[in-house]
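**Q** Structure provided below as structure tokens; questions to follow.
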Amino acid sequence: MSARILIVEDDSSTRELMACLLQEAGHAVSGAGDGADGLRLALDGRPDLVVCDLCLPSLDGHAVARALRADPGCAHIPLLAVSALARAGDRERVLAAGFDGYLCKPIEPASFVAEVEAFLPAPARAPTLMVVDDDAFMREVLVDALEDEPWRILSAGSAEEALALLEQHTVDVILSDQCMPGMQGTELMARVSREHPRTVRLILSGLSELEPIERACAAGLVDRRLSKPWAAGALREDLRAAFALQRERI
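Heads up: the sequence shown at position 107 corresponds to 108 in our numbering, and the numbers run straight through without jumps.
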């Protein structure tokens with residue numbers, strides 16, 4: 002399930018960059034170039050989250066936040082300020098106006114989506130699975146087997162690509178092959194356990210790769226090993242259990 006996100010930003014290039022990043026992550030994005038239009042769109046559309054610049058024409062971000070907090074239909078919407086926060090007391094004023102958090106300008110494209118998604122209500126963000134396998138055909142087979150599930154699926158062809166995607170997206174469950182060029186699946190999971198401890202970590206492997214995976218499981222680096230060859234029905238059940246485990250970690 003994608004979230005409906007409103008961006009209120011008078012700089013068109015920044016607004017378009019934010020929109021592009023969020024749309025690539027599967028979210029529905031609308032935009033406004035000034036505070037008055039942003040407030041109108043928020044009151045009419047009641048989005049799942051509002052990203053709002055502080056320095057805006059017609060109505061500044063603080064006024065937009067206060068107006069939304071005063072409206073019974075919008076008071077619950079998460080508000081995320083965008084600001085350089087260069088002056089003393091800026092952070093306190095942002096929170097006092099009713100914002101839930103803020104992002105510093107200029108935004109970091111690599112981490113922007115994850116930072117925004119952290120403020121989404123839990124039902125608004127689709128549960129996200131990442132599939133990691135250097136074999137493109139096997140990745141495609143896995144994704145096809147799971148296409149009817151209500152999960153957003155990301156795929157990576159290497160551990161290095163997976164780590165880069167984890168910096169851009171909030172991933173609930175990661176399912177990785179063990180035997181890959183470069184970094185092995187267990188090495189990837191060790192990194193994920195340190196850097197993204199809430200992500201449930203699964204490895205898909207045959208019996209020949211069992212020993213290093215058992216050591217990683219015993220050390221708490223891997224949550225569970227899934228066996229090859231796999232059956233679609235059993236794999237879906239295992240992944241549903243993994244998503245349930247992830248919800249317990251929040």
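All C-beta atoms, glycine included, are put in the ideal place defined by N, C-alpha and C. This structure is a prediction, so every number in the text was calculated from the model and none was measured.
Thinking V174 and I204 are a contact (beta carbons under 8 Å), I'd like their distance in whole angstroms, please.
**A** As a first step, residue 174 must be located in the sequence shown, where it is residue number 173. As a first step, residue 204 must be located in the sequence shown, where it is residue number 203. Incorrect: roughly 12 Å between the Cβ atoms, too far for contact.
**Q** Enumerated in chain order, which unbroken segments of the beta strand (DSSP E) with a length of 3 residues or greater are wholly contained in the region 111–196?
**A** Runs found: 129–133, 153–157 and 174–178.
**Q** Kindly indicate which residue of P73, A82 and H63 has the alpha-carbon position closest to the one of L50.
**A** In the sequence shown, residue 50 corresponds to position 49, counting from 1. Closest option to L50, Cα to Cα, is A82.
**Q** Here's the rule: buried if 16 or more other CB atoms are within 10 angstroms of the residue's CB, otherwise exposed. What is S13?
**A** Here residue 13 is taken as the residue at index 12 of the sequence shown, counted from 1. That one is exposed.
**Q** Between A245 and A220, what straight-line distance do the alpha-carbon atoms span, to the nearest angstrom?
**A** Translated into the one-based positions of the sequence shown, residue 245 becomes position 244. Translated into the one-based positions of the sequence shown, residue 220 becomes position 219. One C-alpha to the other measures close to 21 Å.
**Q** By DSSP, does I214 sit in helix, in strand, or in coil?
**A** The residue given as residue 214 occupies position 213 in the sequence shown. I214: helix per DSSP, three-state reduction.
**Q** Flag this pair as yes or no: are the beta carbons of A20 and V9 separated by less than 9 Å?
**A** What you label residue 20 is simply residue 19 of the sequence shown in a count that begins at 1. What you label residue 9 is simply residue 8 of the sequence shown in a count that begins at 1. No.
**Q** I'd like the span of the beta strand (DSSP E) that includes A71, first residue to last.
**A** For this step, residue 71 is matched to residue 70 along the sequence shown. It is not in any beta strand (DSSP E) - A71 instead sits in the alpha helix (DSSP H) that spans G62 to A71.
**Q** Using CA coordinates, which residue listed in C180, E141, R67 and G27 is at the minimum distance from A37?
**A** On the sequence shown, residue 37 is found 36 positions in, with the first residue counted as 1. Comparing Cα positions, the closest option is R67.
**Q** As a quick exercise: from P79, D135, V52 and E93, pick the residue whose alpha carbon is nearest that of L104.
**A** The sequence position of residue 104 within the sequence shown is 103, counting from 1. Residue V52 is the option with its Cα nearest to L104.
**Q** Go ahead and label H77 buried or exposed: buried means 16 or more other beta carbons lie within 10 angstroms of its beta carbon, across all protein chains shown.
**A** Along the sequence shown, read from residue 1 onward, the residue named residue 77 stands at position 76. That one is exposed.
**Q** Alpha helix (DSSP H) containing V95: first to last residue?
**A** Here residue 95 is taken as the residue at index 94 of the sequence shown, counted from 1. Its alpha helix (DSSP H) spans residues D91 to A97.
**Q** Compare the beta carbon distance of P58 and D35 with 9 Å and say whether it is the shorter of the two.
**A** In the sequence shown, counting from the first residue as 1, residue 58 sits at position 57. In the sequence shown, counting from the first residue as 1, residue 35 sits at position 34. In contact: P58 and D35 (Cβ atoms closer than 9 Å).
**Q** Just verifying my parser: in three-state terms, what is the DSSP assignment at D54?
**A** The residue labelled residue 54 in the question sits at position 53 within the sequence shown. Strand, per DSSP.
**Q** Look up G102 in the DSSP assignment and say whether it is helix, strand or coil.
**A** The residue you call residue 102 lines up with position 101 of the sequence shown. Of the three classes helix, strand and coil, the one that applies to G102 here is strand, per DSSP.
**Q** Is L236 helix, strand or coil by DSSP?
**A** Residue mapping note: residue 236 aligns to position 235 of the sequence shown, counting from 1. The answer is helix: DSSP assigns L236 an H, G or I state.
**Q** Should E196 and L164 be called a contact, given that it needs their Cβ atoms to be closer than 9 Å?
**A** Sequence index remark: in the sequence shown, residue 196 carries index 195 (1-based). Sequence index remark: in the sequence shown, residue 164 carries index 163 (1-based). Yes; because the gap between Cβ atoms is below 9 Å, this pair is in contact.
**Q** Is L203 helix, strand or coil when you go by DSSP?
**A** Sequence index remark: in the sequence shown, residue 203 carries index 202 (1-based). The answer is strand: DSSP assigns L203 an E or B state.
**Q** Give a yes or no on contact between the region 124–143 and the region 154–161, applying the rule of three or more CB pairs nearer than 8 Å.
**A** With the cut-off at 8 Å, the region 124–143 and the region 154–161 touch.
**Q** Where does the unbroken beta strand (DSSP E) through L18 begin, and where does it stop?
**A** By 1-based counting over the sequence shown, the position of residue 18 is 17. Run containing L18: none in the beta strand (DSSP E); it sits in the alpha helix (DSSP H), S13 to E25.
**Q** Is the region 141–154 touching the region 221–240 in the sense that three or more CB pairs, one from each, lie closer than 8 Å?
**A** With the cut-off at 8 Å, the region 221–240 and the region 141–154 touch.
**Q** Let me check understanding here. Comparing Cα to Cα, which of K106, P107, G62 and G183 lies closest to V95?
**A** Along the sequence shown, read from residue 1 onward, the residue named residue 95 stands at position 94. For V95, the nearest C-alpha among the options comes from G62.
**Q** Between C75 and the rest of its own chain, which residues show a CB-CB distance below 7 Å, the 5 nearest in sequence each way excluded?
**A** As a first step, residue 75 is located in the sequence shown; it is residue number 74 there, counting from the start. The residues are A43, L44, R47 and L69.
**Q** What are the boundary residues of the alpha helix (DSSP H) that L42 is part of?
**A** Reading the sequence shown from its first residue, position 41 is the one you call residue 42. Run containing L42: G36 to G46, per the alpha helix (DSSP H) assignment.
**Q** Could you pull the DSSP bridge partners for L208 from this structure?
**A** Along the sequence shown, read from residue 1 onward, the residue named residue 208 stands at position 207. L208 is not bridged to any residue.
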